[in-house]
Structure formats: C-alpha cells, structure tokens
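Here's the structure, in structure tokens; my notes come after.
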DNA sequence: GTTGTTATCGATCATATGATCACGATGTGC
DNA sequence: GCACATCGTGATCATATGATCGATAACAAC
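Protein chains in written order, with my numbering: chain A, 165 to 480; chain B, 165 to 480.
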C-alpha cells in the first residue's frame with residue numbers, strides 16, 4: 165500500500181540504534197560481537213545494520229588528505245576553476261568508468277542531501293546510474309526529484325517506483341522534438357510549465373556532460389544524428405549539458421537544435437544553488453574543461469586521468 | 165609522545181599511495197588482497213597502511229545523522245561523572261522535550277528490563293510519560309512496579325490497568341503531607357512499610373530531576389509553594405529527586421519539608437543497583453549536574469543542549 | 001670492522017566478518 | 001480458510017583481517 169512508508173526502512177528509533185552501532189564500530193573500534201553484547205543484538209544483526217548504514221549513506225568515509233594523487237588533483241581543480249568541490253576517483257584498469265563515477269556521485273549526494281530537499285536531474289547515462297544507486301537514500305530521506313529536461317521519464321521510473329509519486333516531478337516529453345513549433349507548444353503546456361518552474365527552486369542539479377563525439381549518448385539514443393554533431397563541431401561546440409551545446413569558453417552556442425529542446429536553459433540552470441556534474445573519460449576532457457571554465461558547474465566528479473588531462477591542457 | 169607527528173612526516177608519495185589504498189578499500193569495497201594485487205603490495209602491507217591511515221586521522225568516518233553529535237556527549241558524561249550509562253537525544257526544534265525524553269527513557273528501559281525484574285518509580289511528569297509508553301513491555305515481560313514515594317497512584321493506575329495487580333505495589337499516600345507527625349504515622353503503616361521495604365529490593369529506580377524553579381511540577385501540583393521554593397533556593401537547593409532537595413554537590417539539605425515526605429530517602433535510593441534519571445531542558449542544567457556530581461544517579465537520559473550545557477559548566 | 005638497536009617485512013594463525021542457507025513469522029491474494 | 005510470497009532472523013561456513021613472531025635489513029655507536 166504505502167510503499168513510501170515501507171521504504172522508509174527504519175523509524176527514528178531505528179536510526180538511533182543504527183547510528184549508535186556505527187559509532188561504536190567506527191569511532192570506538194569495537195567489534196561487531198562486542199556491540200551486539202552491549203546493545204542486545206545478535207552479531208549478524210549488527211553486521212546487517214552496518215551494511216544498511218553504509219548503503220544509505222548514513223556512514224560516510226572521508227579520506228582526509230591534503231596531498232596525494234587524486235586529492236591534489238581535486239584541490240587544483242577547485243582552485244583553477246573556482247569549483248565548490250571536486251571529487252576525483254582513482255585510475256583503475258578494470259571496471260566501467262561510468263559505473264564508478266555514478267557510484268562516487270551517488271555517495272557524494274548521499275552525504276549532501278538533507279531531509280526535505282529537492283534534487284533536479286538532467287539527462288544522461290551517468291545521471292541514470294547515479295539515481296539508481298541513490299534510490300534507497302532518496303526515499304529514506306524524503307527527497308524530491310524533479311527533471312531539468314524532457315526524456316528523463318524513461319529511466320527515472322525505475323528509481324521512482326515504489327515511492328509516492330508526490331515527490332517526483334517529471335517533464336512528460338522527450339528531450340528533443342522534431343520541430344521548433346512542437347517544442348514551443350510543449351513548453352507552454354500547463355503541467356510542463358509547472359514542473360519547470362519547480363525545477364528552478366531545486367537545491368541541487370545533477371547533470372552529465374556530453375562530448376561532441378560519435379559515441380555520445382545523444383546519438384545512441386536517436387536524439388541527434390552524426391551529421392548534426394559534425395555541424396555542431398564546426399560551429400565550435402565542444403560539449404553539452406542538458407542538451408545545450410557550448411564552446412571552448414563554456415558559452416552556449418546559438419543552434420537551431422536548442423530551439424527544439426524541452427527543458428531549462430543555462431540561465432535557469434545557473435540559478436540553482438549547486439550544479440553537480442559527473443563525467444569522465446578521455447573523450448570528455450574538452451567538454452568538461454569548457455564547462456568548468458565557463459562556470460557552468462559548481463561541483464565536478466570525474467576520474468583521475470581525465471582530471472589530469474584537463475589540468476594539463478589549461479597549463480599549456 | 166611526539167612519535168605520531170614524526171611518523172606523520174612521511175613522503176608525499178607514500179601518502180598518495182595510502183590515500184589510494186584507503187579509497188579502494190572504503191569506497192570501492194575491494195578487499196585488502198585485491199588492492200595488494202592491483203598496486204603490487206603484499207596483503208599485510210595494505211592492512212598496515214590502512215591501520216596507519218586510521219591512526220593518523222587520514223581516514224575520517226562521519227556519521228551523517230542527527231545522533232552523530234550526541235554520542236560524543238554521552239561518552240563525556242559517562243567519563244566526567246562516572247555514570248554507568250548516558251543517553252543523549254538530539255536537539256530538535258519541534259516536539260515537547262519531555263515527551264521525547266520519556267520516549268527515550270522507555271526505550272532504554274525496554275532494552276534493559278528482564279523477566280521477573282522489579283522497577284521502582286519516583287514522581288514526576290517525565291516518569292509518568294515513560295511509564296505510559298512502557299506499559300506494553302511491562303505486561304509482556306512480567307515486570308513488577310513499585311513506588312519510591314507517595315503520590316504515584318494518580319498516574320500509575322492507567323498503566324497498571326488490565327494487569328494483575330499483584331505486580332504493582334504503590335504507597336497509598338500523597339507525596340507530601342502537611343505535618344511531620346502525619347508523615348510519620350503514614351510511614352509507620354504496615355502496608356506502607358511493606359511497600360517501602362519492597363522498593364529497596366528493586367533492580368532499578370526510575371526518577372525525574374526537578375529544578376528549583378517556579379515552573380516545577382511540585383508547585384504546579386500543589387505539593388509546594390513558590391515561597392517554599394524561594395527558601396529552599398536560599399538554603400542552597402539546586403534541584404530535587406523524589407522530593408528531596410540537594411545542593412551543588414548533590415548532598416541532601418536538611419529541610420523541614422523532607423520530614424513531611426512519604427517515601428524513601430537518598431540512602432535507600434542509592435542502595436538500589438541502578439538509579440536511572442530522565443530529565444532535560446535549560447532550567448534543569450544545574451539540578452542534573454549536581455545530581456551527577458554527587459553520584460545520586462547511575463544512568464542519565466537527557467537532551468543534547470542540556471548535556472552540552474552541563475559539560476561546559478563543569479569545564480569552566 | 002663489530003655489535004646492539006630498531007624498523008620493516010612476510011608467514012602463520014586466531015579472530016572478525018559477511019555470504020549463504022533454512023526456518024518461522026507476517027502479510028497477501030485467491 | 002489456505003496457499004503463497006516476503007521479510008527478518010539465526011546457524012553455518014568460507015573468507016578477510018589483524019595480532020604475533022621470527023627473520024632480515026638498515027643504521028648508529030663504538
């Protein structure tokens with residue numbers, strides 16, 4: 165019935181117990197058995213509580229290092245581009261970079277999102293992965309979701325399923341439509357107007373950054389063609405955020421394509437207190453760099469080689 | 165002494181490696197062996213690096229919960245006053261503090277009370293609230309209740325209703341009477357003597373802590389007058405437990421008022437293995453602090469701002 | 001050079017941990 | 001009412017972890 169309540173997973177009283185268990189484990193260095201004895205719980209239950217605490221973001225491990233590989237890069241990124249925060253995940257041969265970015269992004273958000281806050285989400289594979297990992301925390305903390313663009317419904321539904329739909333507000337339209345007039349009509353719809361104005365009030369925006377490359381998700385999902393991309397590239401596009409292409413300086417280009425988008429523009433995006441971008445991989449170096457230089461984003465989550473490449477390019 | 169700092173001054177390169185190890189371990193969830201393979205280190209070395217990282221504070225675990233700050237206070241309270249246990253509930257704007265304290269106290273007792281045990285209860289609003297919430301557990305676990313003082317009947321009856329009255333033993337008298345001779349007569353009654361000697365055998369005592377303030381429940385319920393309180397205050401009273409007023413050091417004062425009480429004295433109270441006090445709020449800071457310093461209580465359940473204030477006062 | 005001291009390392013082993021399985025309670029739909 | 005699914009629980013067991021110990025290397029003092 166009330167699935168949202170079910171997914172709340174624990175009541176305030178249980179949160180106390182969970183926090184207490186975590187405190188003893190991490191702060192006092194007790195073993196799970198010792199904690200069990202103290203709090204009258206079986207060892208296995210303590211183990212499971214810790215597991216839940218970690219998955220829900222209640223337990224946050226921060227590696228507090230001012231030097232060191234990724235952390236040096238983080239500091240440099242923050243300094244060079246004036247970011248609020250940068251997260252750089254270490255290079256790793258195995259594993260999908262996007263998965264690991266999504267993991268890092270969801271952990272970042274878990275630690276950041278407070279009760280009653282609203283998160284606006286953009287479009288893209290990394291955003292999708294992040295939301296999937298976040299779903300439990302979202303319902304637990306009573307976070308509202310709102311879409312920044314159309315085309316989000318496809319993947320957000322899995323995340324939203326089982327939650328009261330009151331907290332999820334989607335733009336019921338594709339990301340791009342075939343004609344400017346249709347886009348205008350959709351943008352004028354009452355419900356779309358409502359969702360978009362709600363998105364403007366979000367506390368955070370989570371966006372991906374797209375490269376102007378044939379492998380882009382925009383092409384793979386049929387929203388744009390390779391020839392269009394070729395034209396964008398000739399006009400100076402180096403990347404896109406929520407479907408809007410921008411140049412080396414991070415300034416949005418004046419493309420007909422933009423007129424066919426259903427979603428917020430850069431001005432509205434910048435008005436959101438904190439824009440969090442998760443993106444990485446060699447193809448996206450220029451796109452991320454331009455976005456950072458243009459002040460399009462406040463928080464960047466990327467991988468080590470990408471961060472390195474971005475900084476090197478800006479020092480030459 | 166300064167070895168920790170000496171060891172802190174290791175090569176930046178080593179710290180980078182350490183950070184990377186920590187990241188893989190805590191963030192990616194890899195095992196120490198996997199990290200070792202990847203970075204060409206022996207498993208045992210990885211283990212030691214993590215150990216060093218923890219000891220040096222490079223790895224910081226944050227518990228992202230309103231309870232997070234409370235546990236530190238609990239530990240300090242236990243340490244400073246030699247309490248068996250302290251429970252601190254988080255600050256919260258909404259909700260009655262007394263209700264939340266009663267909730268916490270009942271939860272504490274639920275986890276503590278074993279079958280066939282006996283709980284002695286004092287007088288006060290928080291005690292009443294706690295008992296109401298406890299009623300289910302009490303009947304389920306076959307716990308006996310006994311009163312520490314008179315005046316308890318009024319509110320304990322609701323709790324006791326529906327249970328075999330065998331397990332509830334009340335002192336059939338008010339908390340305070342008007343003359344010393346009457347109090348003496350009541351205390352000499354066979355039934356009263358029986359209940360009071362039974363109270364001495366209780367496993368736990370649950371008491372409130374009263375402030376010497378005009379808002380005290382003792383005044384509100386007509387057991388004492390404001391002028392009396394003014395006199396108590398002049399004599400150095402900072403608080404009361406089961407109607408007995410004590411000074412800054414937690415030592416009972418020699419007041420005529422005490423001779424008119426029907427109930428146990430401090431000596432008998434201290435003989436009960438564990439005295440549990442639930443009290444909070446800005447007015448009670450001094451009362452709680454004195455009770456704790458004087459060793460009047462073994463377990464303290466209070467709220468975060470009060471705990472903070474108590475500790476601060478004792479550090480100045 | 002020697003010798004004593006200390007730090008570091010890995011092997012070994014006891015313990016801590018979490019994955020898996022099986023059971024019982026609870027709730028659900030027919 | 002009954003079968004069925006789901007969840008929470010504890011038992012069992014494989015694995016991960018960290019404590020201990022001896023060996024070795026580096027280094028200082030003589």
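The beta-carbon is built from N, C-alpha and C at its ideal position, and this holds for glycine as well.
How should residue i be labelled, buried or exposed, when 16 other C-beta atoms within 10 angstroms of its C-beta is the threshold for buried?
i: residue 465 of chain A; result: buried
i: residue 399 of chain B; result: exposed
i: residue 357 of chain A; result: exposed
i: residue 170 of chain A; result: Confidence at residue 170 of chain A is low in this model, with a pLDDT of 31, below 50, so the placement of that residue should be treated as unreliable; the coordinate-derived value is given next. So residue 170 of chain A ends up on the exposed side.
i: residue 437 of chain B; result: exposed
i: residue 280 of chain A; result: exposed
i: residue 326 of chain A; result: Caution applies to residue 326 of chain A, whose pLDDT of 45 falls short of 50 and renders its modelled position unreliable; the value that the coordinates give is listed next. That one is exposed.
i: residue 374 of chain A; result: buried
i: residue 275 of chain B; result: exposed
i: residue 278 of chain B; result: exposed
i: residue 397 of chain B; result: exposed
i: residue 313 of chain A; result: buried
i: residue 446 of chain A; result: exposed
i: residue 448 of chain B; result: buried
i: residue 268 of chain B; result: buried
i: residue 479 of chain A; result: exposed
i: residue 361 of chain A; result: exposed
i: residue 183 of chain B; result: buried
i: residue 264 of chain A; result: buried
i: residue 124 of chain A; result: No statement about residue 124 of chain A is possible, as the shown extent of chain A runs from 165 to 480 and does not include it.
i: residue 453 of chain B; result: buried
i: residue 354 of chain B; result: exposed
i: residue 299 of chain A; result: buried
i: residue 384 of chain A; result: exposed
i: residue 168 of chain B; result: With a pLDDT of only 37 at residue 168 of chain B, under 50, the local geometry of the prediction cannot be trusted, and no value is derived from it.
i: residue 380 of chain A; result: buried
i: residue 347 of chain B; result: buried
i: residue 431 of chain A; result: exposed
i: residue 369 of chain A; result: buried
Which one or two residues does DSSP pair with residue i in a beta bridge?
i: residue 309 of chain B; result: B:283 and B:332
i: residue 196 of chain B; result: The partner list for residue 196 of chain B (beta bridge, DSSP) is empty, contrary to what the question assumes.
i: residue 251 of chain A; result: A:465
i: residue 375 of chain B; result: B:403
i: residue 340 of chain A; result: A:425
i: residue 369 of chain A; result: A:284 and A:439
Just curious, the alpha helix (DSSP H) that residue i is in, first and last residue?
i: residue 244 of chain B; result: 232 to 245
i: residue 402 of chain B; result: Segment: none, residue 402 of chain B is in no alpha helix (DSSP H) and carries neither H nor E.
i: residue 359 of chain A; result: 354 to 363
i: residue 271 of chain B; result: 261 to 276
i: residue 417 of chain B; result: That residue, residue 417 of chain B, is in no alpha helix (DSSP H); it is neither H nor E in DSSP.
i: residue 213 of chain A; result: 207 to 219
i: residue 388 of chain B; result: From DSSP, residue 388 of chain B is part of no alpha helix (DSSP H); its letter is neither H nor E.
i: residue 453 of chain B; result: 449 to 457
i: residue 384 of chain B; result: 381 to 384
With residue i as the anchor, note down where its beta strand (DSSP E) starts and where it stops.
i: residue 226 of chain B; result: 223 to 227
i: residue 438 of chain B; result: 438 to 442
i: residue 410 of chain B; result: 408 to 410
If residue i and residue j are in contact, beta carbons under 8 Å, what's the gap, nearest whole angstrom?
i: residue 364 of chain A; j: residue 435 of chain A; result: 6 Å
i: residue 315 of chain B; j: residue 295 of chain B; result: Actually they do not touch by this definition, with Cβ atoms about 14 Å apart.
i: residue 234 of chain B; j: residue 468 of chain B; result: 6 Å
i: residue 283 of chain A; j: residue 307 of chain A; result: 6 Å
i: residue 359 of chain B; j: residue 311 of chain B; result: 7 Å
i: residue 227 of chain A; j: residue 222 of chain B; result: 7 Å
i: residue 297 of chain B; j: residue 270 of chain B; result: 4 Å
Assess, as a yes-or-no matter, whether the region 335 to 343 of chain B is touched by the region 242 to 258 of chain B under the definition of 3 or more beta carbon pairs within less than 8 Å.
-> no
Three CB pairs or more closer than 8 Å across the region 385 to 396 of chain A and the region 413 to 424 of chain A = Flag = yes, the region 385 to 396 of chain A and the region 413 to 424 of chain A touch.
Any chance the region 424 to 436 of chain B sits against the region 194 to 203 of chain B, with 3 or more Cβ pairs inside 8 Å?
-> no
Would you check if there are 3 or more beta carbon pairs closer than 8 Å linking the region 456 to 465 of chain B to the region 404 to 419 of chain B?
-> yes
Answer yes if the region 236 to 244 of chain A comes into contact with the region 284 to 300 of chain A, meaning at least three C-beta pairs across the two stretches below 8 Å, and no otherwise.
-> no
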